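Here's the structure we're looking at; comments come further down.
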Amino acid sequence: MTYVVTENCIACKYTDCVEVCPVDCFYEGENMLVIHPDECIDCGVCEPECPADAIRPDTEPDMEKWVEFNRKYSEAWPVIITRKDPLPEAEEMDGKPGKMDLFSEAPGEGG
-7 MTYVVTENCI ACKYTDCVEV CPVDCFYEGE NMLVIHPDEC IDCGVCEPEC PADAIRPDTE
53 PDMEKWVEFN RKYSEAWPVI ITRKDPLPEA EEMDGKPGKM DLFSEAPGEG G
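Going by this note's numbering, the residue at position 101 of the sequence shown is 93; the numbering climbs one at a time, nothing skipped.
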């Protein structure tokens, strides 16, 4: 099992989860985070820390696409280990449907 970041992180990018991760397996894109599924140790401490409820275990239905999505971008984006402010529109965007249209493949700053 692994944990993955799902669509609701897009345009929010809360980073509360990165501070609690014991293995630093979060990676930062311009407008979301991902978890490297091969580095995640399945501890689950990140899941309750996400204000947007965007972190899910891969054992839930239809998570295969998110495992591959997280793998792809974690191999392209820089690692993030310190908490940062969420995106300015995070509260407004939390829970909005159809956020894949807003997804950016551009890397974040990491750090």
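Note that beta-carbon positions come from the ideal geometry of N, C-alpha and C, so glycine has one too.
Since the model is a prediction, treat every value here as computed from it, not as a measurement.
Are residue i and residue j close, meaning C-beta to C-beta below 7 Å?
i: residue -1; j: residue 17; result: no
i: residue -4; j: residue 34; result: no
i: residue 6; j: residue 78; result: yes
i: residue 29; j: residue 62; result: yes
i: residue 59; j: residue 38; result: no
Excluding five sequence neighbours on each side, which residues of the same chain lie with their C-beta closer than 8 Å to the C-beta of residue i?
i: residue 40; result: none
i: residue 70; result: 19, 20, 99, 100, 101, 102 and 103
i: residue 80; result: none
i: residue 56; result: 50
i: residue 45; result: 0
Using a Cβ-Cβ cutoff of less than 6 Å, which residues in the same chain neighbour residue i once the five nearest sequence positions on both sides are dropped?
i: residue 43; result: 6
i: residue 24; result: 1, 2 and 5
i: residue 22; result: 96, 98 and 100
i: residue 74; result: 103
Thinking residue i and residue j are a contact (beta carbons under 8 Å), I'd like their distance in whole angstroms, please.
i: residue 82; j: residue 4; result: 4 Å
i: residue 94; j: residue 27; result: Between residue 27 and residue 94 the Cβ distance is about 20 Å, and since that is not below 8 Å, they are no contact.
i: residue 76; j: residue 85; result: Not a contact, Cβ separation roughly 16 Å.
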